[in-house]
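Numbering (my numbering), first residue to last: 8 to 604.
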């Protein structure tokens, strides 16, 4: 591990050398110092590596990636715009390691025996406090004052502020009794003014602010507040601490912030209700078995009788949706026990329904393969989308108590038991193709309902418990397996879709050939000559369909030919078209054209 110091302005080199050595020595870390510029530096500063502004980003980025850098120190450029200011923003956006951006006091200085850390409980200020604790542990006569600003509204404001500050530190894992912190509470409504007053009243060496503690502080750090501190107290250095936050983490954080802003999140009571309901209703029990049997019996009879209403009734009775939602919830929550219970219920429920379907299928020989059975043996890409959307809708309705009544519609959309019953009946009828197709439909529904439910639960604010590495490992493996299974399902479904598209194109091509033959035949009957050369459809400027027909040069009336072809097209395709007959002079009628087509 090491500390990397980056200097943008030459006047700050001496201060940065002193501060970076003090920090690196306090942390027992190696130190590297870089100066961004083209100016020559003194021989006494030979330990400093000089890099150009153009090469700075690539060199420092490689240094951060290749070395285990614990802390990045940077001075704030005096120029607020331009190459060096842009470099500062770029390095802060990388977030590879913790960083402190410093503005040094006018009179210099090379260490911070007394540090003031204002806080309102933000993540960065708490991490800055932990870092400074390492400084003071190894420095003589060092101290940290933690400042909390409480509104001055009553005589008890001071006590309230102390309690709030103790609560903030306790929630962040600090033991107040053993920590080398001095708790300070100041009263006031202007945060920047209070911090300035505290800094002026004590002989602090460093005021360290958390980058995200307050919108006011974050915006004003290199403006009003630091300027006032530096102008009125030349002994104070000011810094902003920003914790490491890599691109992946920043994207995740941005997504969470976007969800919090635009989508109502589930409160604690709602999450508890969902967990309890799904855990209870996902378990394999007598009630679950009874509902599976009732649903399968209704579905099998409806399929054999080709009755859609009976099949819809079976969908409403089926209990399989809850364990599937539970599987989606367990992935987001990292609940391995719930995943095992849901998987057990799904597997046992599937085989129970399949066995009952086979038994009832012996009566299917009286009815044969019905249209309802056939429709559930030919899954397509739209079925995949239906399952995905159904999973999202079911999870959303389950999460909002006032929308539970809509679950019936979702159950109808995502047919789960009818495909199992179809597979069972097909097995008893020795219809292998139908059995495989129905099973593919069922597994497609299960996989994509789980994916859809997981997405919705995540969007609504359900998360895994932080810091559970074992949970993350099995969830990652299960998600990978789920993605592979989903990809495997997409292949046959996509193949079926392409087959239908190919069949549609082939049918259209065959109809076109037949139409051309009909045009050729009718023109011959009308004129006694084989005038037809070819035709094609184009789209006009107004979006209307135009049929261009090329015929050989003859004395026959082209308007009459166009009317004949237009009537023929309307009767053949059952739609109107604008016909334009074009006479090709390069194809004059000859004796050899006067033959029957």
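Where a beta carbon is used, it is the ideal one built from N, C-alpha and C, also for glycine.
Looking at residue 105 and residue 77, is the spacing between their C-beta atoms short of 8 Å?
Taking the first residue of the chain shown as position 1, residue 77 is located at position 70. Taking the first residue of the chain shown as position 1, residue 105 is located at position 98. Cβ distance < 8 Å, so residue 77 and residue 105 count as in contact.
Here's the rule I'm using: 16 or more other beta-carbon atoms within 10 Å means buried, otherwise exposed. How should residue 23 be labelled?
Against the chain shown, residue 23 aligns to sequence position 16. Buried, since its Cβ has 16 or more Cβ neighbours within 10 Å.
So what does DSSP say about residue 263, is it helix, strand or coil?
To locate residue 263, count along the chain shown from 1; it is residue 256. Looking at residue 263 - three-state DSSP - the assignment turns out to be helix.
Using only CA atoms, which one of 296, 375 and 423 lies nearest to residue 331?
Indexing the chain shown from 1 puts residue 331 at position 324. The shortest Cα separation from residue 331 among 296, 375 and 423 belongs to 423.
How should residue 93 be labelled, buried or exposed, when 16 other C-beta atoms within 10 angstroms of its C-beta is the threshold for buried?
Stepping through the chain shown from its first residue, residue 93 is reached at position 86. Counting Cβ neighbours within 10 Å, residue 93 comes out exposed, since fewer than 16 surround it.
Residue range of the alpha helix (DSSP H) that residue 429 falls in?
Position 422 of the chain shown, counting from 1, holds the residue named residue 429. Here the alpha helix (DSSP H) through residue 429 covers 424–435.
Under 8 Å by Cβ, that's how I've got residue 14 and residue 40 pegged, so tell me the actual separation to the nearest angstrom.
Within the chain shown, residue 14 is the residue found at index 7, counting from 1. Within the chain shown, residue 40 is the residue found at index 33, counting from 1. Indeed, because the Cβ distance is near 7 Å, the residues count as touching under 8 Å.
Per DSSP, what kind of secondary structure is residue 231 in: helix, strand or coil?
Along the chain shown, one-based indexing puts residue 231 at 224. Because residue 231 carries a pLDDT of 47, less than 50, the predicted location of this residue cannot be relied on, and no value is offered for it.
Pick from 558, 32, 469 and 562 that is closest to residue 267, judged by C-alpha positions
Here residue 267 refers to the residue found at position 260 of the chain shown. The residue with the shortest Cα to Cα distance from residue 267 is 469.
For residue 165, which residues of its own chain have a beta-carbon under 8 Å away from its beta-carbon, when the five flanking residues on both sides are left out?
Position 158 of the chain shown holds residue 165. For residue 165, where only same-chain residues beyond five positions count, the Cβ hits under 8 Å are 157, 192 and 194.
If we ignore side chains and look at the alpha-carbon of each, how far apart do residue 453 and residue 546 end up?
For the purposes of this step, residue 453 is taken as residue 446 along the chain shown, with counting starting at 1. For the purposes of this step, residue 546 is taken as residue 539 along the chain shown, with counting starting at 1. Taking the straight line from one Cα to the other gives about 44 Å.
Pull up the CB-CB distance for residue 65 and residue 45, whole angstroms please, since I reckon it's below 8 Å.
Within the chain shown, residue 65 is the residue found at index 58, counting from 1. Within the chain shown, residue 45 is the residue found at index 38, counting from 1. Not confirmed; about 17 Å, so no contact.
Please report how far the alpha carbon of residue 602 lies from the alpha carbon of residue 433, in whole angstroms.
Counting from 1 along the chain shown, the entry for residue 602 is found at position 595. Counting from 1 along the chain shown, the entry for residue 433 is found at position 426. Low confidence applies here, because residue 602 scores a pLDDT of 35, under 50, leaving its location unreliable and the question unanswered by this model.
Should residue 310 and residue 425 be called a contact, given that it needs their Cβ atoms to be closer than 8 Å?
Residue numbering aside, residue 310 sits at position 303 when the chain shown is read from its first letter. Residue numbering aside, residue 425 sits at position 418 when the chain shown is read from its first letter. Contact flag set, yes.
Report back the beta-carbon spacing between residue 418 and residue 335 to the nearest angstrom; my notes put them in contact at under 8 Å.
The count along the chain shown starts at 1 and reaches residue 418 at position 411. The count along the chain shown starts at 1 and reaches residue 335 at position 328. So it is not a contact: roughly 16 Å between Cβ atoms.
Suppose you measure from the CA of residue 26 to the CA of residue 124; what does that come to, to the nearest Å?
Numbered from 1 along the chain shown, position 19 holds the residue referred to as residue 26. Numbered from 1 along the chain shown, position 117 holds the residue referred to as residue 124. Each residue's Cα considered, the two are about 17 Å apart.
Pick helix, strand or coil for residue 559, following the three-state DSSP scheme.
In the chain shown, counting from the first residue as 1, residue 559 sits at position 552. Strand at residue 559.
Determine, using beta-carbon pairs with one atom in the stretch 293–313 and one in the stretch 356–367, whether at least three such pairs fall under 8 Å.
yes
Determine, for residue 95, whether the minimum Cβ-Cβ distance to residues of chain B falls below 8 Å.
Although the question refers to chain B, the structure presented lacks it and comprises just one protein chain.
Beta-carbon separation of residue 542 and residue 526 under 8 Å?
What you label residue 542 is simply residue 535 of the chain shown in a count that begins at 1. What you label residue 526 is simply residue 519 of the chain shown in a count that begins at 1. Yes, Cβ-Cβ distance for residue 542 and residue 526 is below 8 Å.
Residue of 8, 68, 314 and 245 minimising C-alpha distance to residue 374
Residue mapping note: residue 374 aligns to position 367 of the chain shown, counting from 1. With distances taken between Cα atoms, residue 374 lies closest to 314.
Output yes or no for whether 8 Å exceeds the beta carbon distance between residue 383 and residue 312.
Position 376 of the chain shown, counted from the start, is the residue given in the question as residue 383. Position 305 of the chain shown, counted from the start, is the residue given in the question as residue 312. Taking 8 Å as the Cβ cut-off, residue 383 and residue 312 do not qualify as a contacting pair.
Out of curiosity, what's the CA-to-CA distance linking residue 9 and residue 36?
Locating residue 9 in the chain shown gives position 2, counting from the first residue. Locating residue 36 in the chain shown gives position 29, counting from the first residue. Spanning the two alpha carbons is a distance of roughly 5 Å.
Just the Cα atoms here: how many angstroms apart are residue 466 and residue 274?
Position 459 of the chain shown, counted from the start, is the residue given in the question as residue 466. Position 267 of the chain shown, counted from the start, is the residue given in the question as residue 274. Those two C-alpha atoms are separated by around 13 Å.
Could you have a look at residue 125 and say whether DSSP puts it in helix, strand or coil?
Sequence index remark: in the chain shown, residue 125 carries index 118 (1-based). DSSP places residue 125 in strand when its eight states are reduced to three.
Report the rounded CA-to-CA distance for residue 217 versus residue 344, giving the unit in angstroms.
Taking the first residue of the chain shown as position 1, residue 217 is located at position 210. Taking the first residue of the chain shown as position 1, residue 344 is located at position 337. When rounded, the distance between both Cα atoms is 40 Å.
Contact defined as beta carbons within less than 8 Å: I believe residue 243 pairs with residue 270. What is the distance between those atoms, to the nearest angstrom?
The residue labelled residue 243 in the question sits at position 236 within the chain shown. The residue labelled residue 270 in the question sits at position 263 within the chain shown. That pair is no contact at about 44 Å.
Cα-Cα separation, residue 204 to residue 198:
Here residue 204 refers to the residue found at position 197 when the chain shown is read from its first residue. Here residue 198 refers to the residue found at position 191 when the chain shown is read from its first residue. Near 10 Å, if we compare the C-alpha coordinates of residue 198 and residue 204.
Does the Cβ-Cβ distance between residue 98 and residue 67 come in under 8 Å?
Counted from its first residue, the chain shown places residue 98 at position 91. Counted from its first residue, the chain shown places residue 67 at position 60. Yes; because the gap between Cβ atoms is below 8 Å, this pair is in contact.
Bounding residues of the alpha helix (DSSP H) (the contiguous stretch that carries residue 351)
Start at 1 with the first residue of the chain shown, and residue 351 comes out as number 344. That run of the alpha helix (DSSP H) goes 343–368.
Going straight from the alpha carbon of residue 287 to that of residue 360, what length do you get?
Position 280 of the chain shown holds residue 287. Position 353 of the chain shown holds residue 360. If you take the alpha carbons of residue 287 and residue 360, they lie about 21 Å apart.
So is residue 316 buried or exposed if we call it buried at 16+ other beta carbons inside 10 Å?
Taking the first residue of the chain shown as 1, we reach residue 316 at position 309. When all chains shown are included, residue 316 counts as exposed.
Here's the rule I'm using: 16 or more other beta-carbon atoms within 10 Å means buried, otherwise exposed. How should residue 289 be labelled?
For the purposes of this step, residue 289 is taken as residue 282 along the chain shown, with counting starting at 1. Residue 289 comes out buried.
So what does DSSP say about residue 569, is it helix, strand or coil?
The residue labelled residue 569 in the question sits at position 562 within the chain shown. Reduced to three states, the DSSP call for residue 569 is helix.
So residue 277 is in the alpha helix (DSSP H); what residue range does that whole segment cover?
Counting from 1 along the chain shown, the entry for residue 277 is found at position 270. Residue 277 -> alpha helix (DSSP H) spans 275–288.
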